[in-house]
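Engineer:
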Amino acid sequence: MSDSLPEAEQIKRESRYLRGSLRESLADKATGALREDDTHLSKFHGLYQQDDRDLREERRQQKLEPHFQFMLRLRLPGGMLTPNQWLGLDEVAEHFADGSLRLTTRQTFQFHRVFKENLAPLIQHLDGLGLDSRGACGDVNRNVVTNVNPHLSASHQTVYETAVQISERLKWRSAAYEEVWLNQPEKQTDEEEEPFYSYLYLPRKFKVAIALPPHNDCDVLANDIGLIAIEEKGEIAGYNIAVGGGLGMTYGDRDTYPRLATPVGFVPADRVVDACEAIVAIQRDHGCRTNRAHARFKYTLDDYGLDWFREQFAEVHGQPLEAVRDYTLTDSGDRFGWTEDDEGFHHLTLCIPSGRIRDFEQLKLRTALRTIAKIHSGEFRITCNQNLIIARVNKKERSAIQKLVDHYGLDDGSRSTPLARNAMSCVAFPTCGLAMAESERYLPELTGKIHTLMEEVGIGQEAIQLRVTGCPNGCARPYLGEIALTGKGPGKYNLYLGADTGGNRLNRLYRENIDEPQILAELKPLFERYARERESAKGFGDFLYQSGILSANTGPNDFHEPLIARS
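Next comes the structure, spelled out in structure tokens:
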């Protein structure tokens, strides 16, 4: 084995198909942590080791190890679960985590503050619910996301089923998951346990999303593979394939940058799962394994070019891509309140700030949803904007559910400002080890202050997209926000402006390393101009370009350079 390979790459190769010494790490009661190598492998099993950064200095002074804990994420393609599964996850939150469920921007759940001794019982509980965390993290295909409600039409059902099929095809298959967490005996065989991934797995994580135009609630172009469904005569004829999306970057490293996926061709519906497997195989075989900062699919494509990709695809898939078909992506937000489908079922979309479901002092959100789950016979669906749909409600149930919504004061879109309804954040402090500034805990205060500025100039009802993250790595998809902040240090952020509402254009750096008073001071004159001149603009991001406040950019490295506002 080459000593030049990054540590994470060597650990994968020596892990015995992701077993490592996880069993031994879990049995070690002398520490709340896993062994160092196992912290890399645990990601493939859906876990991230973290510690409470609010307590880090206090524990250091007391000569104690960090307050180690874990975040566990589910694999939940398409974001659907039954009321019984919801009730089971509610029990998981109560008994094995911090009492909250968190809806993620990839249409699944995260559990926080899970201590090492609770990991196996939690995963066993998930298994009893028919759920798992296999591949929710790690250098494999992650949770496959799509338009949120398959009951709105036959086409919605088709794209949901496609998401599930892709997830099943591309999940890792080693018996390590069952052995480590479900107490199954170790597999005694020399046969290949990973017929697709082999012992190498992928160079880095890989993400797939499916959009059904004109809606783009999953921000389809932010993914390694973006599938854009093409509907003809009420059926899905196939999918435009866009490749090379990814939003992570590193401050100061001009070789890293957000990139939107590039549409490269069309495949018929019956070949799309095979097509996705072929594309992941191309990244498996050609992605960079010597530099993890350069290992995402977007860099592979920029290194080799799209013509090379099309040739590789035709060879691996056995058929070339057809020409891209016309499509339009117009909006990426959620539709709140009640909707009705063709079969007479009702669906209620609720606003869940930052996706955090817990019992707050004045809003018993977790209790409310648990109560609804006990009388609901349909489904729950998570949106990629961290909101929740109570789906497939019959006419008889609707009035009972509405009474509970009113009783508990749940937000169906009428209790919050348009800005707050369209805002997203990552977790950041105190548990994320990468966070440089606050995000989830700061978002309510920030949205309130920005909304006040908007109200002062008469645009308080505009649904501007705001996204806030604690670092530049791309969780909560900040680079697709009309306004976005990425943490630079305690109380300091980079300000990005100018994405469009349909997820077709990245924003750009506008001001660096500024604090809240400076952020508000920068936004106020822009809001004032928008209020005066916005007649022909589709949204705030479009207005910034149409008015000349922002200028066009030509290359990925322009993303790192602040744009200069014109007077």
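Numbering-wise (the numbering used here), the sequence shown opens with residue 195 and increments by one. Beta carbons: idealized from backbone N, C-alpha and C, even for Gly.
Which first and last residues belong to the alpha helix (DSSP H) in which Pro457 is found?
Structural biologist: Premise fails: Pro457 lies in the beta strand (DSSP E), Thr456 to Pro462, not in any alpha helix (DSSP H).
Engineer: Assuming contact is defined by CB atoms lying nearer than 8 angstroms, are Leu613 and His645 in contact in what I supplied?
Structural biologist: yes
Engineer: Is the number of C-beta pairs between the stretch 288–295 and the stretch 245–255 that are closer than 8 angstroms three or more?
Structural biologist: no
Engineer: Distance check for Pro200 and Ala463, CA to CA, integer angstroms please.
Structural biologist: When only Cα atoms are considered, Ala463 and Pro200 end up about 38 angstroms apart.
Engineer: In angstroms with no decimal places, state the Cα-to-Cα distance between Arg504 and Pro397.
Structural biologist: 20 angstroms
Engineer: With distance defined between alpha-carbon atoms, name the residue in Ser741, Leu720 and Asn588 nearest to Ser730.
Structural biologist: Nearest C-alpha to Ser730: Ser741.
Engineer: Taking only three categories from DSSP, how would you classify His239?
Structural biologist: coil
Engineer: Across which residues does DSSP place Gly531 in a beta bridge pair?
Structural biologist: Thr543
Engineer: Just the Cα atoms here: how many angstroms apart are Gly240 and Val308?
Structural biologist: Those two C-alpha atoms are separated by around 12 angstroms.
Engineer: Assign Gln659 to one of three DSSP states: helix, strand, or coil.
Structural biologist: If DSSP states are grouped into helix, strand and coil, Gln659 belongs with coil.
Engineer: On the DSSP bridge assignment, give the partners of Thr225 in chain order.
Structural biologist: According to DSSP, which records beta bridges pairwise, Thr225 is partnered with nothing at all.
Engineer: How about Leu542 and Val474: are their beta carbons less than 8 angstroms apart?
Structural biologist: For Leu542 and Val474, no; Cβs fall outside 8 angstroms.
Engineer: Our contact map puts Leu441 next to Ala472 with C-beta atoms below 8 angstroms; I'd like the distance itself, whole angstroms only.
Structural biologist: About 24 angstroms separates the two Cβ atoms, so there is no contact after all.
Engineer: Grouping DSSP H, G and I as helix and E and B as strand, with all else coil, what is Met648?
Structural biologist: helix
Engineer: Is His488 buried or exposed, if buried means 16 or more other CB atoms sit within 10 Å of its CB?
Structural biologist: buried
Engineer: Let me know the beta strand (DSSP E) ranges lying completely inside the stretch 561–586, each 3 residues or longer, listed in chain order.
Structural biologist: Entirely contained in the stretch 561–586, the beta strand (DSSP E) runs reaching 3 residues are, in chain order, 573–576.
Engineer: Pick out the complete beta strand (DSSP E) segments inside the stretch 444–516, 3 residues or longer, and give them in chain order.
Structural biologist: Counting whole runs of 3 or more residues, the stretch 444–516 contains the beta strand (DSSP E) stretches 456–462.
Engineer: Which class does Ala287 belong to by DSSP, given the choice of helix, strand or coil?
Structural biologist: helix
Engineer: Buried or exposed: where does Ser761 fall if 16 or more other Cβ atoms within 10 Å of its Cβ makes it buried?
Structural biologist: A caution first: Ser761 carries a pLDDT of 29, below 50, which makes its placement in the model unreliable, though a value can still be read off. It counts as exposed.
Engineer: In whole angstroms, what separates the C-alpha of Gly499 from that of Val458?
Structural biologist: 11 angstroms
Engineer: If you run the structure through DSSP and keep just helix, strand and coil, what is Glu259?
Structural biologist: coil
Engineer: Compute the Euclidean distance between the alpha carbons of His306 and Cys626, then round it to the nearest angstrom.
Structural biologist: 10 angstroms
Engineer: With DSSP collapsed to three states, give me the class of Gln244.
Structural biologist: strand
Engineer: Count the CB pairs spanning the stretch 350–369 and the stretch 437–456 that are closer than 8 angstroms, and state whether there are at least three.
Structural biologist: Counting C-beta pairs closer than 8 angstroms gives fewer than three between the stretch 350–369 and the stretch 437–456, which falls short of the contact rule.
Engineer: Return yes when the Cβ of Lys401 is within less than 8 angstroms of the Cβ of Asp413, no when it is not.
Structural biologist: no
Engineer: Need the endpoints of the alpha helix (DSSP H) that Val437 sits in, please.
Structural biologist: The continuous stretches of alpha helix (DSSP H) do not include Val437, which lies in the beta strand (DSSP E) extending over residues Glu429 to Val437.
Engineer: Would you call the CB atoms of Met265 and Gln244 closer than 8 angstroms?
Structural biologist: yes
Engineer: When you compare only the Cα positions, how much space is there between Met195 and Leu212?
Structural biologist: Its pLDDT being 40, under 50, Met195 is placed unreliably by the model, and the measurement read from it follows with that caveat. Looking at the two C-alpha atoms, the distance is approximately 17 angstroms.
Engineer: Assess contact between the stretch 620–639 and the stretch 655–672, defined as three or more Cβ pairs (one per stretch) separated by less than 8 angstroms. Is contact present?
Structural biologist: The stretch 620–639 vs the stretch 655–672: in contact.
Engineer: Rounded C-beta distance between Leu323 and Arg207? I'm assuming under 8 angstroms.
Structural biologist: Their Cβ separation, rounded to whole angstroms, is 33 angstroms, which puts Leu323 and Arg207 out of contact at 8 angstroms.
Engineer: How is the beta strand (DSSP E) around Ala405 delimited, first residue to last?
Structural biologist: Val402 to Ala405
Engineer: Check this for me: beta carbons of Pro277 and Ala594, under 8 angstroms apart or not?
Structural biologist: No. Outside cutoff.
Engineer: At which residues does the alpha helix (DSSP H) containing Lys365 begin and terminate?
Structural biologist: That residue, Lys365, is in no alpha helix (DSSP H); it is neither H nor E in DSSP.
Engineer: With a threshold of 7 angstroms (Cβ to nearest heavy atom), would Ala287 be considered close to the ligand ATP?
Structural biologist: As far as ligands go, the structure on display features none, and thus does not contain the ligand ATP.
Engineer: Taking all protein chains shown into account, do 16 or more other C-beta atoms lie within 10 angstroms of the C-beta of His540, making it buried, or fewer, making it exposed?
Structural biologist: buried
Engineer: Do Ala357 and Val339 have their C-beta atoms within less than 8 angstroms of each other?
Structural biologist: yes
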